[in-house]
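Undergrad: Just passing along the structure, written as structure tokens.
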Amino acid sequence: MEDVLSKRQRPKIDDYADEGYLFGILHFPAYDKNVQRLNAGELDFFLGPDYLVTISNVELLPVTRLFSRVEEDEHFRNQLFEKGSGRLLYEVLDDLFDYCFPILDKIAYKLDSIEDDIDERRSEEIVSDISKAKQEIISYRKIIKPQRPALRLLERRIGRFLPEELELYFDDLIDASERIWDLLDNYKEVVEALEDTNESLISHRQNDVLRVLTVFGAIFLPLTFLTGVFGMNVLYPGEGTHTAFWVIVGLMIGTIVGMIAFFRYKRWL
Amino acid sequence: MEDVLSKRQRPKIDDYADEGYLFGILHFPAYDKNVQRLNAGELDFFLGPDYLVTISNVELLPVTRLFSRVEEDEHFRNQLFEKGSGRLLYEVLDDLFDYCFPILDKIAYKLDSIEDDIDERRSEEIVSDISKAKQEIISYRKIIKPQRPALRLLERRIGRFLPEELELYFDDLIDASERIWDLLDNYKEVVEALEDTNESLISHRQNDVLRVLTVFGAIFLPLTFLTGVFGMNVLYPGEGTHTAFWVIVGLMIGTIVGMIAFFRYKRWL
Amino acid sequence: MEDVLSKRQRPKIDDYADEGYLFGILHFPAYDKNVQRLNAGELDFFLGPDYLVTISNVELLPVTRLFSRVEEDEHFRNQLFEKGSGRLLYEVLDDLFDYCFPILDKIAYKLDSIEDDIDERRSEEIVSDISKAKQEIISYRKIIKPQRPALRLLERRIGRFLPEELELYFDDLIDASERIWDLLDNYKEVVEALEDTNESLISHRQNDVLRVLTVFGAIFLPLTFLTGVFGMNVLYPGEGTHTAFWVIVGLMIGTIVGMIAFFRYKRWL
Amino acid sequence: MEDVLSKRQRPKIDDYADEGYLFGILHFPAYDKNVQRLNAGELDFFLGPDYLVTISNVELLPVTRLFSRVEEDEHFRNQLFEKGSGRLLYEVLDDLFDYCFPILDKIAYKLDSIEDDIDERRSEEIVSDISKAKQEIISYRKIIKPQRPALRLLERRIGRFLPEELELYFDDLIDASERIWDLLDNYKEVVEALEDTNESLISHRQNDVLRVLTVFGAIFLPLTFLTGVFGMNVLYPGEGTHTAFWVIVGLMIGTIVGMIAFFRYKRWL
Amino acid sequence: MEDVLSKRQRPKIDDYADEGYLFGILHFPAYDKNVQRLNAGELDFFLGPDYLVTISNVELLPVTRLFSRVEEDEHFRNQLFEKGSGRLLYEVLDDLFDYCFPILDKIAYKLDSIEDDIDERRSEEIVSDISKAKQEIISYRKIIKPQRPALRLLERRIGRFLPEELELYFDDLIDASERIWDLLDNYKEVVEALEDTNESLISHRQNDVLRVLTVFGAIFLPLTFLTGVFGMNVLYPGEGTHTAFWVIVGLMIGTIVGMIAFFRYKRWL
């Protein structure tokens with residue numbers, strides 16, 4: 000009882016074989032709309048030979064839906080209950096795991112759209128999108144990671160409460176949790192690759208910007224200096240003549256052409 | 000005895016089965032206010048059939064508090080002591096582990112506030128906050144990591160000093176230490192993700208700054224050059240006329256419009 | 000049957016020993032030309048003592064080719080079928096694994112050409128090529144990773160359906176999948192090294208660009224300032240004389256030489 | 000014998016049970032002052048029932064010191080020798096491991112001083128300090144890593160040469176080597192975190208520098224252009240009047256105020 | 000036979016116990032001078048009770064040398080052959096492993112010279128050297144990694160073909176391959192640390208360059224503006240007087256001193 004009340008719990012399965020029941024804690028992702036973050040919804044359950052009690056700290060939609068369907072639909076209730084408490088637990092967990100995939104799909108969709116947009120959109124949005132996707136993947140991993148050994152333990156202990164032909168069912172749950180974990184691993188690799196690509200693109204664009212600045216600076220700073228020289232109020236050779244103007248213009252065009260050739264050679268243009 | 004006196008010790012459990020006692024060293028995080036750093040507080044204990052001696056190199060608050068409560072409150076003392084020395088050790092360790100979580104919560108709070116502020120605040124503070132949080136997480140991990148195998152060993156060896164129905168208790172301690180480890184792992188991932196995001200944001204902002212500089216440079220360097228040309232003290236066509244002024248102004252406006260169009264096309268504006 | 004219909008499946012082998020058949024799901028890479036991406040093609044199979052049924056969600060070319068050859072060539076069919084259903088499955092899987100290597104070769108070729116071009120080409124293309132190669136490797140890994148334990152299981156379970164001398168054959172399949180995994184690991188290391196190199200090169204080139212800009216700025220900004228000083232419409236010493244011009248020119252050449260010496264010393268030139 | 004002479008050896012323990020002796024190779028860090036680098040000092044030993052021969056490729060100070068003390072101090076010698084050859088080996092290794100910690104402390108001290116200075120000192124020194132600390136940690140890890148399985152093996156094989164009550168002693172050596180490894184792991188994490196922080200700080204400072212440049216450029220480039228326009232030797236409206244001057248000055252002050260407001264809004268000032 | 004002919008093979012040992020021979024595939028690094036790259040040279044061997052056949056896809060120098068020595072030197076041949084086929088295989092493999100170390104030494108030498116030069120040389124060469132060393136280490140790891148389990152297997156299976164006293168010999172081969180792997184791991188850490196250091200140095204140098212540019216810009220842009228103001232062809236207070244000149248010069252010196260003080264305070268000078 001203490002475990003149910005205490006707030007900090009890891010997913011675990013405790014087998015009270017003497018008292019004839021199984022106590023388990025499992026965590027499932029639940030999107031909290033208020034803080035726009037993925038939180039762990041805790042599901043505690045007591046599984047006895049002919050009863051199943053579940054307690055959760057937040058409302059887990061699939062559980063609520065299953066139970067309300069059980070209340071309303073007598074036929075469904077009989078069908079479900081006659082197969083024993085183990086089968087009922089399976090139905091609850093199966094619905095909860097099914098509910099995990101749409102969240103994963105949403106993450107996958109976000110990653111896809113980041114990949115498509117990475118060349119085109121302003122980098123600030125991309126940085127923020129990548130950061131959010133990454134934090135979501137990390138939160139999800141935090142919830143699923145300690146789940147996996149607990150599920151394995153559950154499969155081993157559940158036998159007592161299940162007709163024999165149903166033992167394979169819990170295998171499916173482990174399969175689902177392993178699949179979620181594989182996908183999260185893959186998403187983590189993808190989002191990190193996208194982040195690296197984005198970082199490279201930002202660096203590359205910075206080079207582009209700097210090249211333009213440097214080309215303008217390297218061409219016009221010397222030229223402006225030249226005009227400055229001939230704008231001084233001192234007596235230089237050719238001052239106040241037409242010839243000087245055309246000579247200077249020639250000089251300037253020479254400088255420009257030389258610079259452009261230099262930058263072409265450096266492949267900056 | 001040598002182990003108690005020597006300064007460098009890893010967490011460990013030595014079973015002196017012949018002498019009938021258990022010697023253990025465990026480490027707990029203790030925040031040292033002087034150097035503002037997380038240090039390892041060492042707890043050495045001798046657990047005999049009817050005695051428990053604990054020695055610690057720094058004051059561990061939860062231990063002090065428990066012992067002073069034992070001294071003051073006779074009822075509590077009796078209640079605690081009648082269950083044997085193993086139970087007493089459990090109480091000590093349980094209090095110490097409970098004391099670990101507030102420090103973790105403080106780290107989590109810091110990470111949350113970094114995440115909220117990362118877009119808005121000056122990057123220097125963020126860099127320093129991230130660095131401090133990271134060092135704290137690393138220090139914490141250093142303390143907890145070697146603890147885990149020692150605790151597992153303790154659980155196996157403690158049986159002799161415990162009434163049977165209490166054996167599950169030490170499971171809770173392992174659970175707590177695993178939970179701390181999971182959280183630290185998660186925090187490490189989070190802080191690294193925040194660091195990467197911050198790095199990307201700094202790069203992105205640098206691009207912003209450079210774009211502004213480049214746009215100003217690319218527009219005004221050529222224009223200033225133009226004014227320089229017509230400021231030279233030589234005789235150029237149209238020198239000293241009104242027409243020339245308006246022609247030049249037209250030329251300049253053309254340059255500006257062209258440049259802005261070019262930068263719009265490059266999406267720098 | 001449910002497993003065949005449901006969309007989300009991990010590679011797995013289920014042994015329905017009572018019913019006398021083996022059900023398996025394996026994934027193979029299939030290049031989807033529409034989205035230019037590597038997807039997982041799913042191959043489900045039922046292997047009975049004398050039948051093999053395969054179902055796949057996308058067309059797997061090697062399977063189609065094998066089956067059409069079986070249809071057309073009677074001799075080949077007899078030869079294949081007389082060795083039993085296990086051997087037939089081997090042929091299917093062997094063809095599928097053979098088909099994996101050309102895709103790997105294509106990735107290797109891409110990595111080679113990136114390595115050759117990394118010094119010479121524009122960095123934007125390189126960034127995009129590296130990013131695409133990386134995503135392809137990640138997609139491939141996602142497909143092959145969960146395959147490996149399933150193949151191991153298949154090898155252990157396949158014995159019933161195989162003449163004894165053929166047991167080594169399935170070893171070859173595991174060998175092939177391990178080899179693919181090793182290559183993917185190696186490619187991942189290579190592409191990450193290329194990415195780091197490219198990042199360093201971009202940074203290095205940025206330094207080059209900035210050095211040019213700084214050299215031009217540091218030489219011509221002071222000089223232009225000097226010409227500005229002597230262009231002011233105030234009476235400075237030497238105003239309107241020839242001597243002043245040559246003094247100023249001397250001053251400027253001195254500045255230029257000094258600056259170039261300074262930048263040589265700093266090794267920026 | 001061949002193993003002693005050959006130069007390339009990994010730490011290992013070979014049990015020549017038939018000949019009744021144990022041959023071992025262990026590596027210990029030895030600071031080579033000439034190249035200012037941490038090298039592996041090799042200690043080869045032959046441990047027989049009543050003899051211990053040690054050979055080392057470089058002078059290992061703790062071994063030299065122990066042996067010279069044995070030579071000088073008869074009482075110490077007797078005390079040491081009467082406990083058997085296994086005990087003597089323990090003393091040698093214990094001294095060698097004790098000698099490992101001061102080097103670790105020096106690294107820890109360096110990391111602490113880098114952390115304190117990271118905000119204040121010039122980044123070039125920090126980069127070089129971090130790089131040196133990292134290389135030292137890597138060298139140390141290279142020496143200790145293959146040591147650990149060899150020590151475990153030694154503990155298992157040493158039993159024959161030790162009185163029973165001393166078996167726990169070799170546990171202490173393993174403890175010491177594990178502690179060194181844990182510390183190196185921790186130091187590696189710390190130095191990598193410091194490197195990342197330093198990298199972020201350099202990027203941040205670059206932003207600072209660029210902001211200053213951009214603010215100056217964006218304010219004075221347009222203003223200089225304006226003065227250029229009115230410095231041209233053409234007839235513009237208001238040329239040669241006092242009013243024009245004050246109008247222009249007003250225009251300039253307006254530009255400056257507008258720019259500063261813009262940069263305040265962008266939080267660059 | 001198929002395995003020898005097929006091109007894609009992982010290192011492996013197949014024990015054809017019934018036919019009384021052992022078939023193995025091992026890979027060794029072979030430097031291909033044409034493409035300047037490390038490739039895997041494949042050595043296939045058939046080991047029977049009294050024969051050893053080796054086949055390799057490229058010329059492996061040590062094997063060629065051993066065999067030509069065997070051909071020429073009758074004494075050596077007899078000595079080698081009388082110890083059985085297992086011993087002969089050992090000699091071949093031992094020579095091949097000995098041949099691995101010079102390549103490793105060359106890599107180590109390159110890393111050392113990169114470390115020495117990293118502060119001084121132009122960063123472009125360093126980037127390219129680091130990249131090459133890294134690719135070489137990655138290629139080497141690719142060759143050695145799958146080798147290790149194959150060697151372990153070989154040691155277990157070789158017993159049949161070896162006199163008992165020689166069994167320790169194959170231990171040496173495993174030792175050598177483990178040592179190579181350890182060194183490659185260490186080199187990988189070293190080269191990655193060098194890359195990070197180089198990256199930090201490039202960033203640091205960029206800061207240096209930018210600081211110089213900014214200092215020049217921030218000092219001379221305002222000054223040039225000032226000269227521009229007093230170069231305008233309008234009537235400003237003090238126009239055409241000596242006093243104005245000296246007032247302006249004073250103003251400029253004040254600006255310069257103020258700027259330098261500001262940059263000193265910011266530690267940019």
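Chains as they are written, first to last, in numbering that gives the first Met the number 0: chain B, 0 to 268; chain A, 0 to 268; chain W, 0 to 268; chain G, 0 to 268; chain V, 0 to 268. Even glycine gets a Cβ: it sits at the ideal position worked out from N, Cα and C. All of these numbers come straight from a predicted model, not from anything done at the bench.
#1: According to the Cβ coordinates, are Gly83/G and Leu153/G closer than 8 Å?
#2: Excluding five sequence neighbours on each side, which residues of the same chain lie with their C-beta closer than 6 Å to the C-beta of Val214/B?
#3: For the region 214 to 241 of chain V, list every residue whose C-beta sits within 7 Å of some C-beta in chain G, in sequence order.
#4: Which value, in whole angstroms, describes the spacing of the CA atoms of Thr226/A and Gly230/G?
#5: Report the neighbours of Thr204/A on chain G: residues whose CB is nearer than 8 Å to its CB, in chain order.
#6: Shortest alpha-carbon distance to Leu65/W belongs to which of Leu88/W, Tyr50/W, Glu81/W?
#7: Less than 8 Å separating the beta-carbons of Arg156/G and Ile173/G?
#8: On a Cα-Cα basis, can you pick out the residue from Val211/V, Glu58/V, Tyr20/V that is closest to Asp49/V?
#9: Measure the Cβ-Cβ separation of Leu59/G and Leu95/G and say whether it is below 8 Å.
#10: What residue range is occupied by the uninterrupted beta strand (DSSP E) comprising Ala29/B?
#11: For the 8 Å Cβ check, are there 3 or more pairs between the region 195 to 207 of chain V and the region 193 to 201 of chain B?
#12: Taking the CB atoms as reference points, tell me whether Pro28/A and Ala16/A lie closer together than 8 Å.
#13: So, helix, strand or coil for Ala243/B, using DSSP?
#14: I'd like the span of the beta strand (DSSP E) that includes Ala16/W, first residue to last.
#15: Could you check whether the Cβ of Ala243/V sits closer than 8 Å to any Cβ belonging to chain W?
#16: In three-state DSSP terms, what is Asn232/A?
#17: Quick one: give me the first and last residue of the alpha helix (DSSP H) that Leu152/B is part of.
#18: Given that Glu198/V touches chain W, what residues does it touch there, using C-beta distances under 9 Å?
#19: Output yes if chain G places a C-beta closer than 8 Å to the C-beta of Arg155/A; else output no.
#20: Judging by CA-CA distance, which residue of Leu79/G, Phe75/G, Ala175/G, Lys131/G is the nearest neighbour of Cys99/G?
#21: In angstroms with no decimal places, state the Cα-to-Cα distance between Lys11/A and Arg140/A.
#22: Going by beta carbon distance, what residues of the same chain come within less than 7 Å of Val91/V, once the five residues before and after it are set aside?
#23: If the criterion is Cβ atoms closer than 8 Å, does the pair Phe244/V and Phe224/W meet it?
#24: Could you check the C-alpha separation between Asp115/B and Arg147/G for me, to the nearest Å?
#25: Can a CB atom of chain B be found closer than 8 Å to the CB of Ala137/W?
#26: Indicate the three-state DSSP secondary structure (helix, strand or coil) for Asp115/B in the structure shown.
#27: At least one CB of chain V closer than 8 Å to the CB of Glu90/W: is that the case?
#28: Which stretch, first to last residue, makes up the alpha helix (DSSP H) that contains Gly40/A?
#29: Please tell me whether Leu212/V has its Cβ less than 8 Å away from any Cβ of chain W.
#30: Please decide whether Pro101/W counts as near chain B, where near means a Cβ-Cβ distance under 8 Å.
#31: Hey, is Ser130/V's beta-carbon within less than 8 Å of any beta-carbon in chain W?
#32: Show which residues of chain G have a CB atom less than 8 Å away from the CB atom of Gln134/A.
#33: Ends of the beta strand (DSSP E) at Leu268/V?
#34: Quick one: Cα of Gly237/W to Cα of Val248/A, how far?
#35: Evaluate contact between the region 104 to 112 of chain V and the region 131 to 139 of chain V, counting only Cβ atoms and requiring at least three cross-stretch pairs below 8 Å.
#36: Could you compute how far the alpha carbon of Ile113/G sits from the alpha carbon of Ala260/G?
TA: Reading it off the structure:
#1: Not closer than 8 Å, so no.
#2: Listed in chain order, the non-local C-beta contacts of Val214/B below 6 Å within the same chain comprise Phe262, local neighbours out to five positions each way being set aside.
#3: So the list reads Gly216, Ala217, Leu220, Pro221, Thr223, Phe224, Gly227, Val228, Gly230, Met231, Asn232, Val233, Leu234, Tyr235, given in the order they occur along the chain.
#4: Going by C-alpha positions, Thr226/A is about 7 Å away from Gly230/G.
#5: One point to set straight first is that residue 204/A is Arg, not Thr, in the sequence displayed. Per Cβ cutoff of 8 Å: Asn206.
#6: Scanning Leu88/W, Tyr50/W, Glu81/W for the CA closest to the CA of Leu65/W turns up Leu88/W.
#7: No, the pair does not count as a contact, with Cβ atoms beyond the cut-off.
#8: Minimum Cα distance to Asp49/V is reached at Tyr20/V.
#9: Result yes, Cβ atoms of Leu59/G and Leu95/G sit closer than 8 Å.
#10: Note, Ala29/B: beta strand (DSSP E), 20 to 31.
#11: No, they do not touch.
#12: Not a contact, by the Cβ cut-off of 8 Å.
#13: Ala243/B: helix per DSSP, three-state reduction.
#14: Neither: Ala16/W is in no beta strand (DSSP E) and is coded neither H nor E.
#15: Closer than 8 Å to some Cβ of chain W, the Cβ of Ala243/V qualifies, so yes.
#16: Note: Asn232/A maps to coil in three-state DSSP.
#17: Per DSSP, Leu152/B is one residue of the alpha helix (DSSP H) stretching across 146 to 156.
#18: In chain order: Asp195, Glu198, Ser199, Ser202.
#19: The Cβ of Arg155/A sits no closer than 8 Å to any Cβ of chain G.
#20: Closest option to Cys99/G, Cα to Cα, is Ala175/G.
#21: Their Cα atoms are separated by approximately 17 Å.
#22: Thr53, Val62, Leu65, listed in sequence order.
#23: Contact flag unset, no.
#24: About 49 Å.
#25: Note on identity: in this sequence residue 137/W is Ile, with Ala being the wrong assignment. It does; some Cβ of chain B falls within 8 Å.
#26: Residue state, collapsed to three classes: helix.
#27: No, Glu90/W lies away from the interface with chain V (no Cβ there is under 8 Å from its Cβ).
#28: From DSSP, Gly40/A is part of no alpha helix (DSSP H) but of the beta strand (DSSP E) over 36 to 46.
#29: At a cut-off of 8 Å between beta carbons, Leu212/V contacts chain W.
#30: Among the CB atoms of chain B, none fall inside 8 Å of the CB of Pro101/W.
#31: Closer than 8 Å: yes.
#32: Close partners of Gln134/A in chain G (Cβ separation under 8 Å): Glu114, Val189, Ala192.
#33: First-last for Leu268/V: undefined, no H or E at that position.
#34: Roughly 34 Å separates the two Cα atoms.
#35: Taking 8 Å as the limit for Cβ pairs, the verdict is that the region 131 to 139 of chain V does touch the region 104 to 112 of chain V.
#36: Whole-angstrom Cα-Cα distance: 39 Å.
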